[in-house]
Each structure stands twice: as structure tokens, then as C-alpha cells.
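Just below is one structure, and these are the notes that go with it.
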Amino acid sequence: MISNVLTLRFIPVNLTDVSILENVKDFIMSRLNVVVKFSKEITLGELLKFYDERRDQLDAVKLLLYLEKKILVNPLLRVLVFVDSDAYAYDLNFIFGIAKPYWGGIVFLRRLDPSFYGYAYNEKLFIARLIKESVHELGHSLGLAHCRNRRCVMSFSNNIFEVDNKSPNFCRNCEIVLERMHPGLIRILA
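Going by this note's numbering, the letters in the sequence shown line up with residues 52 to 241, in that order.
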């Protein structure tokens, strides 16, 4: 048993169905020795400051900088903010999420939803994508970089097909790096 357990704070913003995050929580807790707690520290009004009307998207970089100052963390606390919106960063037309090492990350749900692309809503597919992007941003917050293994959850996804084609799990190399940085974090699977 590890004495210092990492706490992961889930903060949903503008989500109509927060229960979908239970799937993310269950998946992460099945693979990592973490405690997940839910919190409501951010209002929709706060997000509007970062809305780019011309692009109809949130500026993810400015939002991340704002949240990093607003929500303080420590070595045993990470944050995952879930926003039902579209977002962009730097020269990218869109992003699925953004993270700050040793702080946490933001997952933008809009493009993870099949209905965004004109397909019927598919909850199973939406949740699978949400889990992958949540684990990906959590990995960055724990110090992992992008991985060249296209099946690893830490591989960069340039489009939704790349999200669909990767696994929700860390590859063996990323697990080893994670275990070195955070001993006891990886749960041994039976």
C-alpha cells in the first residue's frame, strides 16, 4: 500500500450529463492508485472571458493560464477540467485537450461527440473518446510527453480518427517512465 495517494479533482463545466464522468473516474481508478473527487469551482461565466466569437471556440491557452492561477495544486493533487465546448491553441485549428505538467489539464468535449461530425449520438463511442483524452491529459500533468507508439494513449491525436485508433492505456514504456516518476501510481493488473 502506498502512503501518499494522488488525488485527482474532476471539475465539470457546462456539462448537461455529469454522470458520464463516472466512467472516466472508474477507468482511471482501475489503472492508477488515485482518489477522484468532484468539485464545482468554475462557472460558465468565467469561461466566457476566453471565448473567441470569431472562431466560435475557447482560447485554451489563456483558459489554462487562468485556471492554473485560480486552482492551486500540490505534488499529490492534479486537476482535470471538463468543458462542453470547442477550443483552439496556438496555430492549431482545434484541440481535444490541453495540460500543464504538475498541475492538470482541460478536456474539451465538443469534438469527442460523434454528433459534432454529423453522426448520431453514440454514448459508448463518446465515453471511449472521453476516457482516452482524459487519460492523455492526466499523463501530461504527471510529466509524460507525447509518445511515438501510435497505440499508446499518450500519442498525439491530430484528428478524431487518431483518437479512435489509439488505446486508452499507457504503453509499457510510458508505464515505466510513470512508475519511475511516481512510484506506486500504476496499479498492478491481475
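From the three backbone atoms N, C-alpha and C, an ideal C-beta is built for every residue, glycine too.
Remember, predicted model here, so these are calculated numbers, not experimental data.
Listed in chain order, the alpha helix (DSSP H) runs fully inside the stretch 59 to 83 are 71 to 82, counting runs of at least 4 residues. I71 places its beta carbon less than 8 Å from that of I178. Our two residues, S206 and T94, have alpha carbons roughly 31 Å apart in a direct line. Setting aside the 5 residues that flank it on each side, A150 is surrounded in the same chain by G156, E188, H191 and S192, each with a C-beta closer than 7 Å to its C-beta; the list follows chain order.
Counting along the chain, the unbroken alpha helix (DSSP H) around L116 starts and ends at A111 to K121. The closest CA to that of L118, considering only E104, L127, P126 and F133, is found on F133. Within the same chain, Cβ atoms closer than 8 Å to the Cβ of L98 are found at V64, N65, L109, L114, V134 and S136, the five residues on either side in sequence being excluded. A direct Cα-Cα distance of roughly 37 Å separates V56 from D142. Counting only residues of its own chain and dropping the five nearest sequence neighbours on each side, R162 has a CB closer than 7 Å to the CB of D137, F145, F147 and I211.
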